[in-house]
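>
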Amino acid sequence: MTERLHAPVSRADAIATQTPPDGLALLRWFVSAAAMGVLQAAAPVAFSLVALGLTGDASGGAAIVLAMTLAQVVGAVPVARLGTAMRAAAFLRILVGIRTLALGCMAVLVSREVALPWLVACAAVSGSVNGAAYGYLRSTLNRLTPEARLPRALGIAATLNEVTFVLAPVLASVVGTVSPAFAVATIAVLGAVPALLVPSAGEACAGDAPETGGSVVSAPMLLWLLCATAGGAAVAAIEIGAVALALSFGHEPAMAILFTVPLCLASVAGGVWVSVRNLKASRTSVLAQLSVMTVGSLLAALDASLALTVAGAVLMGFVLAPLGTYYSLVFDALAPAHRRAEAFALLRTANSVGIILASAVLTVASLPVTLAAVAGMMLAVTSLVGFTHRRARSEPRPATAD
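This is the structure in structure tokens:
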């Protein structure tokens, strides 16, 4: 049984739901969505190689990635609000253009062996528009597919995103060993694809909608933002700590793939499952998926055996796409039509905050402490969702409710 959330429907949304989807436009959107994640997927490897070439120490790459991520968190909402008077696709092209120029400048600076702080500045500029760009890209999907097909489209996008996160680091590593500057330039070129391909047919100008002051976040949104943050932290702890996990079980650092590859493959499988089902999950199903994520993080935190840790990573990976799809659909329904880009930017930012939290704890504490901390976060948000679900079921429903 699917759960329906009702929100005011704009004239453009009505057109989108009545008009059959344009297959070519949707394909262009999928390619754009896959290309949008190239920067975040390839940055850790590419920037580490850049720092290694400049300073002889790869740790400088972490500073560049941190600057990019923090700028994304800070800039997501303010930058998204700047585009409310423009068409979504048009403003997205501007944001992607800014990001591409910043990365192009970085590639030039790397080739000239300029000091690291200048590269950090370029990364911050590219990151400052990244969250808003994702928000506007996601908001254009509503113009391209009917509401009934959104779960399938989001599932396909999640699957492609995981493929990007598998292939982009490999590409950055191969190209970066030849020339770190060329690796950054390659990321810039691939990341510019959305500006060239994102479709704009049938979209309305957000600025035509009534002005709405204050924050776009409501209490239900805040709940799912917390879930996205906790989930992002749990997955990031495995991905960032994969080398340390391999060493703790007596393997070589290269065996970090024992944890990252199963997680990615499980996530791809989860995306395929969402696409095939093409249904919005009920709150009960989402609670079950959060429970699976919690169990997976607890298995990893136990540090009992290699098999259990890998099993935990697989459990987390499999529910990653279903949960992400549900969060996106909830925000789609709860946010005013003219502020959806801002809402989706916030959702993307919540995941980034989770990554920052996991990285911060790993910096000051051991991996076991970090895994325990993120498992505690997952247990807390799952309990909170369970409590709100139980309270909602106990409350009398209006006679007109579905």
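Heads up: the sequence shown begins at 1109 in the working numbering, then just goes up one per residue.
Glycine is no exception: its CB is placed at the ideal position from the N, C-alpha and C atoms.
Count the other C-beta atoms from every protein chain shown that fall within 10 angstroms of the C-beta of residue 1203, then say buried if there are 16 or more, exposed otherwise.
Buried, since its Cβ has 16 or more Cβ neighbours within 10 Å.
> Which of the three DSSP states, helix, strand or coil, is assigned to residue 1251?
Three-state DSSP puts residue 1251 in coil, outside helix and strand.
> Please go through the same chain and pick out, in chain order, the residues whose beta-carbon is closer than 6 Å to the beta-carbon of residue 1314, but skip the five residues on each side of it.
Caution applies to residue 1314, whose pLDDT of 46 falls short of 50 and renders its modelled position unreliable; the value that the coordinates give is listed next. The residues are 1192 and 1446.
> So within the stretch 1381-1463, which uninterrupted alpha helix (DSSP H) runs reach at least 4 residues, ignoring any that extend past its ends?
Complete alpha helix (DSSP H) runs here, min 4: 1391-1410 and 1414-1442.
> Can you tell me whether DSSP reads residue 1496 as helix, strand or coil?
Helix, per DSSP.
> Hey, how far is the Cα of residue 1275 from the Cα of residue 1370?
Their backbone Cα atoms lie some 14 Å apart in a straight line.
> With distances taken from CA atoms, which of 1183, 1343 and 1291 is nearest residue 1152?
The residue with the shortest Cα to Cα distance from residue 1152 is 1291.
> Smallest Cα separation from residue 1146: which of 1241, 1298 and 1390?
Out of 1241, 1298 and 1390, 1298 has the C-alpha closest to the C-alpha of residue 1146.
> Please report how far the alpha carbon of residue 1181 lies from the alpha carbon of residue 1273, in whole angstroms.
Approximately 20 Å between the Cα atoms of the pair.
> Relative to the C-alpha of residue 1374, which candidate in 1404, 1323 and 1388 has its C-alpha closest?
Selected option, being the one with the closest Cα: 1404.
> Check this for me: beta carbons of residue 1232 and residue 1184, under 8 Å apart or not?
No, Cβ-Cβ distance for residue 1232 and residue 1184 is not below 8 Å.
> What whole-angstrom Cβ distance do residue 1085 and residue 1348 have, given they're in contact under 8 Å?
In the structure displayed, the chain extends from 1109 to 1510; residue 1085 sits before or after that span and is not available.
> Going straight from the alpha carbon of residue 1268 to that of residue 1148, what length do you get?
The straight-line gap from Cα to Cα measures roughly 14 Å.
> Beta carbon of residue 1455, beta carbon of residue 1336: below 8 Å?
Contact: yes.
> To the nearest angstrom, how far is it from the Cα of residue 1244 to the Cα of residue 1386?
In a straight line, the C-alpha of residue 1244 is about 23 Å away from that of residue 1386.
> Whole angstroms are fine: how far does the CA of residue 1234 sit from the CA of residue 1175?
Distance between the alpha carbons of residue 1175 and residue 1234 is about 10 Å.
> Rounded to a whole number of angstroms, what is the C-alpha to C-alpha distance between residue 1194 and residue 1449?
The alpha-carbon atoms of residue 1194 and residue 1449 are separated by roughly 12 Å.
> If you compare alpha carbons, which of 1380, 1160 and 1367 is closest to residue 1408?
Considering only alpha carbons, the answer is 1367.
> So residue 1350 is in the alpha helix (DSSP H); what residue range does that whole segment cover?
Segment 1350-1356, the alpha helix (DSSP H) holding residue 1350.
> In three-state terms, what does DSSP make of residue 1195?
Of the three classes helix, strand and coil, the one that applies to residue 1195 here is strand, per DSSP.
> On the CB-based measure, 16 or more other CB atoms within 10 Å of its CB, does residue 1270 come out buried or exposed?
Buried, since its Cβ has 16 or more Cβ neighbours within 10 Å.
> Going by the beta-carbon positions, is the gap between residue 1379 and residue 1266 smaller than 8 Å?
Yes, these two residues count as a Cβ contact at 8 Å.
> Among 1304, 1352, 1346 and 1212, whose alpha-carbon lies nearest the alpha-carbon of residue 1419?
The shortest C-alpha separation from residue 1419 is found at 1346.
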